[in-house]
């Protein structure tokens, strides 16, 4: 390779308790390179970028930046070395000006520590111009939309002399037009020699912008591919270890009686309906409105699994009590114990200890406890919000299996996911949501592809 | 994304079980030290005294445990003790013993209901709500008594005064009563579906709501229990004082909260054991009793008790890490 790598991560391993998050991962980033990082939930992408940006420390392995070995003990150290992480949840000061946000932590001062406002605005203006972004530095930060805030945060990184930018799902909440603008910025940064690492679930974008792509699976690097040797199908295959066709739910045409007939959607027995949309598109709100009053919904045998497990589980309570929560007092203790034991076996909830507080379980097992709760109550309709978010790949496959099994047993499922591949492979029909409204319905009788779904959501 | 939690060893280790009994160990150590430092500590008179004083506080602390487990807070119990005690005495003087007792307890229940409705319907922070009702009902107490002790022209009925001194099997009826309430409310909290709902509501209100639990009703019930039990404690105290006193119950809310904290319940709700609260009550009781026996000046006593509360809370935090 012509250029010396800007970043060299060698043989990085990281464990969290008994879980191996990264296993001997080696990763290089060249100057002026956009390097895509892809993998399913739990593949280790987040852990890798957190190690690169000083949030976590590796158990084993070395980090070199521009040829020098570094030991980051905090994000501060990484920033000092020129490595800046732009997380999904951006750190901004909403009530301060754009300039103050760009210059956060290095505000220019005059005598007696007074802020040199004019100079601050000038520097911020210069950095924003370098990004080709027309935002008045005196604007209050909270006047800006999400996409603009993101550009301000990138400007801040540049004001800190960043040589490596790490973008975690930068496009998750962006519309097509905003994605295009972000990519223009990325191309400009590349020309300046900045190295860019970015995580994305949107493989179209990854293939469009990346010079190289590294695929992670189960904490290991499957392959690093150079431009020209990857396309979307290939990436999916490497990420999942399977072909897309295999992931698809076998098409079951014989849907039963309607379980749900709402103005926004019809759900029949044995049917799985997916909800797709960008962050804030209203998928969560739609699920909640379908659920409505919990007491009434439970009486109609409808169960709801919220997106944040913290919203659905009482973490300090035992697995047994969490499963029994909707049916408290309606079952005698012994019958409940038998039921809980059966469900824990069926769903493979580990460890197999019903008195264990839920907080001590892994994310995937916590999610299964939520399922068990509604299966215990003989639910006929499940409303699931991001059911596989933040669970590892094994648990993800088990949850997919559970969803299908539930539908095959004459249940109906509505589930929202920000992963389009997941929605398309699990669901029989997909509703595309935008701005809180359903804008399109796709099913297998028509064009049922990621391209069609993206077209429905984008623009 | 990959922040997964390690599976823990299946059996709780001896160390963690020991840590669960921290309040009890602290109480035993405290008693042992007190017995060594003062030969009067283990005398029948003194032990009875500690138990008698603890019995009123224990009843208040039961209610406080309910409210705190439900995710709330109640600063008004001290004022309820004064108001309920005075209303109990006022009614008793006019309409007899039974009417007085019922009126005293009912007053507590009504104040609890008011607290609960303000917290749930107006959605005002429990701390602020009960700070308000604490001050307000203390004022009401002074208004209806004119600041005077309520004792009636011929005193309260003899049967009522005797209740505080009567014994069954050599043990005061007051102590029996609080032990009985402890058993009943311990069962309700730890063995019934209602108890689980209370824990779930305090542990994660959103999750409890989504699971179909009527979280507002559960919350109100906790405040009603707390008020009612403060009413019962007020009647017990009036019997001991043979009068209704408008100054009664000052700082009781703080002692009760301290006892709950010493017992290891989480002030964020959802965690706690009634049995440990009782230990907490007696840690507070034994501590002040021992300091008295050792002739520690009452000003210093307050300093010492304050330090113990902070140290205990600090230890709990350390243990949870």
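Chains as they are written, first to last, in my numbering: chain X, 15 to 473; chain F, 876 to 1196. Note that the Cβ used here is the ideal one computed from N, Cα and C, for glycine as well.
Thinking C-alpha only, which one of the options is nearest residue i?
i, options, result
"residue 240 of chain X", "X/148, X/415, X/231 and X/223", "X/223"
"residue 1141 of chain F", "F/1043, F/1069, F/923 and F/1074", "F/1074"
"residue 1081 of chain F", "X/199, X/329 and X/459", "X/329"
"residue 968 of chain F", "F/1170, F/1118 and F/1182", "F/1118"
"residue 394 of chain X", "X/386, X/429 and X/425", "X/425"
"residue 1037 of chain F", "F/1110, F/954, F/1121 and F/1135", "F/1110"
"residue 56 of chain X", "X/203, X/230 and X/106", "X/230"
"residue 277 of chain X", "X/326, X/304, X/242 and X/389", "X/304"
"residue 1190 of chain F", "F/964, F/1138 and F/988", "F/1138"
"residue 1159 of chain F", "F/902, F/896, F/913 and F/1084", "F/902"
"residue 206 of chain X", "X/179, X/160 and X/227", "X/179"
"residue 42 of chain X", "X/79, X/52, X/174 and X/31", "X/79"
"residue 397 of chain X", "X/47, X/457, X/235 and X/302", "X/302"
"residue 986 of chain F", "F/935, F/1112 and F/1105", "F/1105"
"residue 952 of chain F", "F/1180, F/1006, F/1154 and F/1169", "F/1006"
"residue 219 of chain X", "X/355, X/193 and X/211", "X/193"
I'd like the span of the alpha helix (DSSP H) that includes residue i, first residue to last.
i, result
"residue 991 of chain F", "972-996"
"residue 1003 of chain F", "1001-1020"
"residue 922 of chain F", "919-944"
"residue 1060 of chain F", "1048-1066"
"residue 197 of chain X", "190-205"
"residue 1113 of chain F", "1090-1116"
"residue 78 of chain X", "Premise fails: residue 78 of chain X lies in the beta strand (DSSP E), 74-79, not in any alpha helix (DSSP H)."
"residue 142 of chain X", "131-144"
"residue 308 of chain X", "308-313"
"residue 392 of chain X", "Run containing residue 392 of chain X: none; DSSP gives neither H nor E here."
"residue 1084 of chain F", "1080-1085"
"residue 951 of chain F", "Where residue 951 of chain F is concerned, there is no enclosing alpha helix (DSSP H), given that its DSSP letter is neither H nor E."
"residue 253 of chain X", "246-254"
Less than 6 angstroms between C-beta atoms, sequence neighbours within five positions excluded: which residues of the same chain meet that for residue i?
i, result
"residue 24 of chain X", "40, 75 and 76"
"residue 217 of chain X", "246 and 249"
"residue 1001 of chain F", "947, 948 and 994"
"residue 1050 of chain F", "926 and 930"
"residue 197 of chain X", "223"
"residue 1100 of chain F", "938 and 941"
According to DSSP, residue i sits in a beta bridge with which residue or residues?
i, result
"residue 182 of chain X", "X/213"
"residue 42 of chain X", "X/22"
"residue 451 of chain X", "X/448"
"residue 371 of chain X", "X/332"
"residue 230 of chain X", "X/235"
"residue 340 of chain X", "According to DSSP, which records beta bridges pairwise, residue 340 of chain X is partnered with nothing at all."
"residue 289 of chain X", "X/430 and X/445"
"residue 1119 of chain F", "F/1025"
"residue 902 of chain F", "Paired residues: none, contrary to the question."
Taking the continuous beta strand (DSSP E) assigned at residue i, which residues delimit it?
i, result
"residue 50 of chain X", "48-52"
"residue 82 of chain X", "82-84"
"residue 238 of chain X", "234-240"
"residue 282 of chain X", "280-282"
"residue 316 of chain X", "316-319"
"residue 274 of chain X", "272-275"
"residue 100 of chain X", "97-100"
"residue 395 of chain X", "395-399"
Ignore the nearest five residues each way along the sequence and tell me which others in residue i's own chain have a CB closer than 8 angstroms to its CB.
i, result
"residue 158 of chain X", "112, 149 and 166"
"residue 1094 of chain F", "945, 946, 947, 991, 994, 995 and 1076"
"residue 367 of chain X", "333"
"residue 1047 of chain F", "923, 926, 927, 930, 1039, 1040 and 1041"
"residue 1147 of chain F", "940, 943, 944, 1135, 1138, 1139, 1140 and 1141"
"residue 523 of chain X", "Any question about residue 523 of chain X goes unanswered here, given that chain X covers just 15 to 473."
Take residue i and list the residues in its own chain whose beta-carbon comes closer than 7 angstroms to its own, dropping the five residues that flank it on each side.
i, result
"residue 129 of chain X", "121 and 123"
"residue 886 of chain F", "Summary for residue 886 of chain F: the model assigns pLDDT 48, below 50, so the residue's position carries little reliability; its value from the coordinates is reported in the next sentence. No residues qualify anywhere along the chain."
"residue 1035 of chain F", "967, 972 and 1114"
"residue 1183 of chain F", "1162"
"residue 422 of chain X", "284"
"residue 1157 of chain F", "902 and 929"
"residue 34 of chain X", "233"
"residue 841 of chain F", "Here chain F comprises residues numbered 876 to 1196, so residue 841 of chain F is not present and cannot be evaluated."
"residue 1011 of chain F", "none"
Evaluate contact between the segment 374-386 of chain X and the segment 1121-1128 of chain F, counting only Cβ atoms and requiring at least three cross-stretch pairs below 8 angstroms.
-> No: the two stretches stay apart, fewer than three of their Cβ pairs being nearer than 8 angstroms.
Does the segment 137-152 of chain X come close enough to the segment 71-91 of chain X to have 3 or more Cβ pairs within less than 8 angstroms?
-> Cβ pair count under 8 angstroms is below three, so no.
Say whether the segment 957-964 of chain F touches the segment 1016-1035 of chain F, bearing in mind that this needs 3 or more beta-carbon pairs closer than 8 angstroms, one atom from each stretch.
-> These segments touch.
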